[in-house]
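Okay, so here's the structure we're looking at.
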């Protein structure tokens, strides 16, 4: 199974570009993920991951993600290689391709913040909307 899951905060607003061939939207962003443990007497360390989303997921990230937000992202890890044009050496990179995204912050209210239902990038499919103020039927 090839899957990653990160919970972290965006270090800056997402950046958008488009592929040259079929004009697909590509959104890139970086999140800081806290390490689980703190060294005795030290500060909590974080790892920074560069992430890439394509298509509808890219559109969602570009529209709703902002610097400082806490998000949960899942996806696949992908390796690629190429020959460096200047040195002729083989180069390698590991990419984190985002497939699903979720908001992990509590809903905020007030000026300049989001106070509506929190959208997710996943398709609702056959699910129906439920009024959260009513009692559940089970």
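Residue numbers (the working numbering): 11 to 148. In this text, a Cβ means the ideal position worked out from N, Cα and C, and glycines have one as well.
Which residue's Cα is closest to the Cα of residue i: the options?
| i | options | result |
| --- | --- | --- |
| residue 59 | 113, 12, 17 and 112 | 17 |
| residue 77 | 42, 64 and 90 | 42 |
| residue 19 | 61, 86 and 48 | 61 |
By the DSSP assignment, the alpha helix (DSSP H) with residue i in it spans what residues?
| i | result |
| --- | --- |
| residue 68 | 65-74 |
Cα separation between residue i and residue j?
| i | j | result |
| --- | --- | --- |
| residue 75 | residue 33 | 21 Å |
| residue 123 | residue 71 | Note that residue 123 scores a pLDDT of 49, beneath 50, so its modelled location is shaky; the value from the coordinates is reported in the next line. In a straight line, the C-alpha of residue 123 is about 16 Å away from that of residue 71. |
| residue 56 | residue 69 | 27 Å |
| residue 115 | residue 44 | 15 Å |
| residue 29 | residue 54 | 38 Å |
| residue 9 | residue 113 | Absent from the structure is residue 9, since the part of the chain shown begins at 11 and ends at 148. |
| residue 82 | residue 50 | 28 Å |
| residue 103 | residue 110 | 22 Å |
Tell me where the beta strand (DSSP E) around residue i begins and ends.
| i | result |
| --- | --- |
| residue 110 | 100-113 |
| residue 78 | Residue 78 -> no beta strand (DSSP E), and no H or E assigned at all. |
Would you list the one or two residues that DSSP bridges to residue i?
| i | result |
| --- | --- |
| residue 48 | Paired residue(s): none; residue 48 is not in a bridge. |
Pairing CB atoms from the segment 34-52 with CB atoms from the segment 95-106, are three or more of them under 8 Å? no
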